[in-house]
Amino acid sequence: MAKRKVLMTGASGYIASLMLPTLRDRFDMVLADVSDTDRDGNKIEGIQIANFIDTDRSKYAHLFEGVDAVIHLAFKPHVTRGEVSEKAPIDRFDNEHENVQMANNIYRSAYDAGVRRLAIASSNHAADWYEHSLIHDRKMDMVRPTDFPISDNFYGWAKAAYELLAYPYACGIFGRKLETVMLRIGFTRPIVASDYTSANSMSEETAGGLAEFKRNLGARISPRDITQLFTKAVEAPNIENEHGVPFVVAYGCSDNTRRFWSLETARKYLDYQPEDDTEITYAKEIAELITGPEANVRGGKVGI
């Protein structure tokens, strides 16, 4: 049986690096990004240079030819990693507007080329208002994919916009249904205990200290689970809902004891069966920081 041909955008990025060793064997991969090197300057084999923000889609239309599915990971960050943003959050709209434009360029190019399926890297931030305002204050226990997508920042707004923008392509109003899976990816980095306790090592992702440590225990998705999730998003035989629309929004995290996002749609439509749980993977770190005899940290999913 011939391998599915899959186009991956953002192929020189971090999330791509977690999945490519497996996906290269499973699919006939077409790789594209604005750079053919990763953040450390290492060259990534097989990447074709393409800027998907460019509204002249003829420049990259050839990449979609004969493709069965697109894994869209590319996005334009508002700062280069390691830099400090000089723009206040309220001034970041223009950057995120470009990311929405890029998403539409992907959808339209895929539609025009006859691509069957999209697997899009949305983000948990598409509905992060619930997390920031309710989950951490213990006013809500679980955010579900069916909860109205609301965010308190433009990054999350853009991800929610990606999702809504794809629905007209999926529902068939333009002539055919472009099958779409929106994956609200969680925390993808390894969890290093000292990053949450040492002022010298804290980053934007760990600056919340022990509260952030607990949050990331719930939010993390392991490399093998994210690889499984995207693989099944490409391969799931039928993702139509009860109305006949092939459109799925699913959270992407491991089956963590402390998770606060529901995996119901990932299980139902994609048969996602996560294998990892941070409570086991990071048992030593948990004992050291928040459950040991000297710890004075409130139990549960989030908060301290």
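Positions 1405 to 1708 (the numbering used here) are the ones given, in order, by the sequence shown. Glycine included, C-beta positions come from ideal geometry on N, C-alpha and C. Everything numeric in this text was worked out from a predicted model, so none of it was measured.
Indicate whether residue 1468 and residue 1504 have their beta-carbon atoms separated by less than 8 Å. Against the sequence shown, residue 1468 aligns to sequence position 64. Against the sequence shown, residue 1504 aligns to sequence position 100. Taking 8 Å as the cut-off, the beta carbon of residue 1468 is found no closer than this to the beta carbon of residue 1504.
With H, G and I counted as helix, E and B as strand and the rest as coil, what does DSSP make of residue 1409? Here residue 1409 corresponds to residue number 5 of the sequence shown, with the count starting at 1. Looking at residue 1409 - three-state DSSP - the assignment turns out to be strand.
Measuring CB atoms only, is the segment 1422 to 1435 touching the segment 1445 to 1452, in the sense that at least three cross pairs come out at less than 8 Å? Between the segment 1422 to 1435 and the segment 1445 to 1452, the count of Cβ pairs shorter than 8 Å is three or higher; the stretches touch.
Starting from residue 1629, trace the alpha helix (DSSP H) both ways and give me its first and last residue. As a first step, residue 1629 is located in the sequence shown; it is residue number 225 there, counting from the start. Counting along the chain, the unbroken alpha helix (DSSP H) around residue 1629 starts and ends at 1627 to 1639.
Specify, as a first and last residue, the run of the alpha helix (DSSP H) that residue 1421 falls within. Counting from one through the sequence shown, the residue named residue 1421 turns up at place 17. For residue 1421, the enclosing alpha helix (DSSP H) begins and ends at 1418 to 1430.
Tell me the residue span of the beta strand (DSSP E) that contains residue 1667. By one-based count along the sequence shown, residue 1667 stands at place 263. That residue, residue 1667, is in no beta strand (DSSP E); it is neither H nor E in DSSP.
Nearest residue (CA-CA) to residue 1470, options 1607, 1677, 1516: For this step, residue 1470 is matched to residue 66 along the sequence shown. Cα-wise, what sits closest to residue 1470 is 1516.
Apply the 10 Å Cβ neighbour rule to residue 1368 and answer buried if 16 or more other Cβ atoms are within range, or exposed otherwise. Nothing about residue 1368 can be read from this structure; the chain reaches only from 1405 to 1708.
Tell me whether residue 1592 is buried or exposed, calling it buried when 16 or more other Cβ atoms sit within 10 Å of its Cβ. Translated into positions along the sequence shown, residue 1592 becomes position 188. Residue environment for residue 1592: buried (at least 16 other C-beta atoms within 10 angstroms of its C-beta).
Name the one or two DSSP bridge partners that residue 1447 has. Sequence index remark: in the sequence shown, residue 1447 carries index 43 (1-based). Looking at the DSSP output, residue 1447 bridges to 1441.
Cα-Cα separation between residue 1498 and residue 1559, rounded to whole angstroms: In the sequence shown, the residue the question calls residue 1498 occupies position 94. In the sequence shown, the residue the question calls residue 1559 occupies position 155. It is roughly 11 Å from the alpha-carbon of residue 1498 to the alpha-carbon of residue 1559.
At what residues does the alpha helix (DSSP H) containing residue 1497 begin and finish? As a first step, residue 1497 must be located in the sequence shown, where it is residue number 93. Here the alpha helix (DSSP H) through residue 1497 covers 1497 to 1517.
Residue from 1492, 1475, 1473 whose Cα sits closest to the Cα of residue 1482: Residue mapping note: residue 1482 aligns to position 78 of the sequence shown, counting from 1. Taking the Cα of residue 1482 as reference, the smallest distance to any Cα among 1492, 1475, 1473 is reached at 1492.
Does the segment 1643 to 1654 touch the segment 1605 to 1618, meaning 3 or more C-beta pairs lie closer than 8 Å? No, they do not touch.
If you count every other CB in all the chains shown that lies within 10 Å of the CB of residue 1422, and 16 or more means buried, which is it? Along the sequence shown, read from residue 1 onward, the residue named residue 1422 stands at position 18. Around the beta-carbon of residue 1422, 16 or more other beta-carbon atoms lie within 10 Å, marking it buried.
Between the C-alpha atoms of residue 1506 and residue 1514, what's the straight-line distance to the nearest angstrom? The residue you call residue 1506 lines up with position 102 of the sequence shown. The residue you call residue 1514 lines up with position 110 of the sequence shown. Their backbone Cα atoms lie some 12 Å apart in a straight line.
Rank 1567, 1512, 1660, 1689 by C-alpha distance to the C-alpha of residue 1460 and give the top, closest one. As a working mapping, residue 1460 is identified with position 56 in the sequence shown. Answer by Cα proximity: 1512.
Which partner residues does residue 1436 have in the DSSP bridge list? For this step, residue 1436 is matched to residue 32 along the sequence shown. Residue 1436 is bridged to 1413, 1452.
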